[in-house]
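Participant: To start, I am sharing the structure in question, which I have written as C-alpha cells.
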Amino acid sequence: MTIENRAQAIENLLQQVRIINDRGVDRAALQEIIALLEDLATRHDLFNFDAFPSPVAGAGSTAFRYRLNDDGISPTLYMNSLLPGKKTLPHNHETWAVIVAVQGQEINYVWARSDDGSDPEHAQLVLDQEVVVQPGTSIGFLGEDLHGIKVDGDTPTLHFHLYGRPLESLNGRYGVNEQGRVLNYNASQMEPSIKAYA
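In this text, residue positions in the sequence shown follow numbering that gives the first Met the number 0: the first is 0, and each later residue adds one.
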C-alpha cells in the first residue's frame, strides 16, 4: 500500500474523531474513539514495523514516537514503538488520550491521587489498576487521569496514541517521580516526535 492510502485512512479516522471531539469527550466518548481506532489498528498492510521501525536495542533510544498528522489544534495521532524495558513515570495528559495496540503488549499502571493536591511540588499516588494494552484490549484517559507504562517481554510495541491536542502543544502535563516530586513532564521526560506525515 502507498503512503497516500495510509494518509487517507488516517484522515478518515480523524474526520470521525473530530465530530466526537467537537461535542465533548467524556468516558463514553472515549469508548467510541477506541472502537474507531481499533478498526484502524487491524490495517496491518498500512501500519507495521516496516513502515514504523522500532528503535534498535543498544543504539540509544528506547522509544520512537511517529507523529501521523499535523493540522494544528485538532486531535493528533501518533504511532509509538517501545522496546522491552521501557517505562515511564506516572503522568497526566492534560487532554483526552486513547491507546490502541497494533502489535505487542504494554502494561498501563493507572494511578489515583490520594492527597488533596494542595502542594504543587508533591503528590501522593495509589495504584488503581493495571491494564495490559495489546490487540483487543485498549485504554482511554481523560485529561487529569494518571498512568505510567512498562513494556515487558521480548518484543517491541507498535501502538497508536491518539490525543485531543498535539503533545507538543501541552505545557500543563506533569509526572510524579518515586519520591512523590511533581515534574513538568514534557520538559523533563518527552523526546521529540518523528514527523511521519506529508
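Glycine included, every Cβ here is placed at the ideal spot set by N, Cα and C.
Report the rounded CA-to-CA distance for methionine 0 versus serine 192, giving the unit in angstroms.
Facilitator: For methionine 0, the predicted model reports a pLDDT of 48, less than 50, meaning its position is unreliable; a value from the coordinates is still stated below. Roughly 24 Å separates the two Cα atoms.
Participant: Specify, as a first and last residue, the run of the beta strand (DSSP E) that alanine 122 falls within.
Facilitator: Note, alanine 122: premise wrong, no beta strand (DSSP E); not H, not E.
Participant: Between the beta-carbon of glutamine 128 and the beta-carbon of aspartate 114, is there less than 8 Å?
Facilitator: It is not a contact, given that the beta carbons lie outside the stated cut-off.
Participant: Taking DSSP's pairing of strands, which residues face phenylalanine 48 in a bridge?
Facilitator: None; phenylalanine 48 has no bridge partner.
Participant: So what does DSSP say about methionine 0, is it helix, strand or coil?
Facilitator: Confidence is the limiting factor: at methionine 0 the pLDDT is only 48, short of 50, which leaves the residue's position unreliable, though a coordinate-based value still follows. Coil, per DSSP.
Participant: Going by the DSSP bridge assignment, what does valine 99 pair with across the sheet?
Facilitator: Paired residues: Phe159.
Participant: In angstroms, rounded to a whole number, what distance separates the CA positions of proline 82 and glutamine 30?
Facilitator: It should be pointed out that residue 82 corresponds to leucine in this sequence rather than to proline. Rounded to the nearest angstrom, the two C-alpha atoms are 27 Å apart.
Participant: Can you grab the Cα-Cα spacing for the pair glutamate 177 / glutamate 3, in whole Å?
Facilitator: Approximately 44 Å, taken between the alpha carbons.
Participant: Looking at asparagine 20 and glycine 163, is the spacing between their C-beta atoms short of 8 Å?
Facilitator: Yes, these two residues count as a Cβ contact at 8 Å.
Participant: Can you name the residues that DSSP bridges to lysine 278?
Facilitator: Coverage of the chain is limited to positions 0 through 197, which leaves residue 278 absent and any answer about it impossible.
Participant: Would you call the segment 144 to 162 and the segment 96 to 111 touching, i.e. three or more CB-CB distances under 8 Å?
Facilitator: In short, these stretches touch, since the Cβ pair count reaches three.
Participant: Under 8 Å by Cβ, that's how I've got phenylalanine 48 and alanine 40 pegged, so tell me the actual separation to the nearest angstrom.
Facilitator: With a Cβ gap of about 14 Å, phenylalanine 48 and alanine 40 do not count as contacting.
Participant: Please report the Cβ distance between leucine 161 and valine 16, rounded to the nearest whole angstrom; I am assuming they are in contact, meaning their Cβ atoms lie under 8 Å.
Facilitator: Contact flag correct, Cβ pair sits at about 7 Å.
Participant: Can you tell which of Asn79, Gly59, Pro74, Ile33 has the C-alpha that lies nearest to the C-alpha of leucine 13?
Facilitator: Ranking Asn79, Gly59, Pro74, Ile33 by Cα distance to leucine 13 puts Pro74 first.
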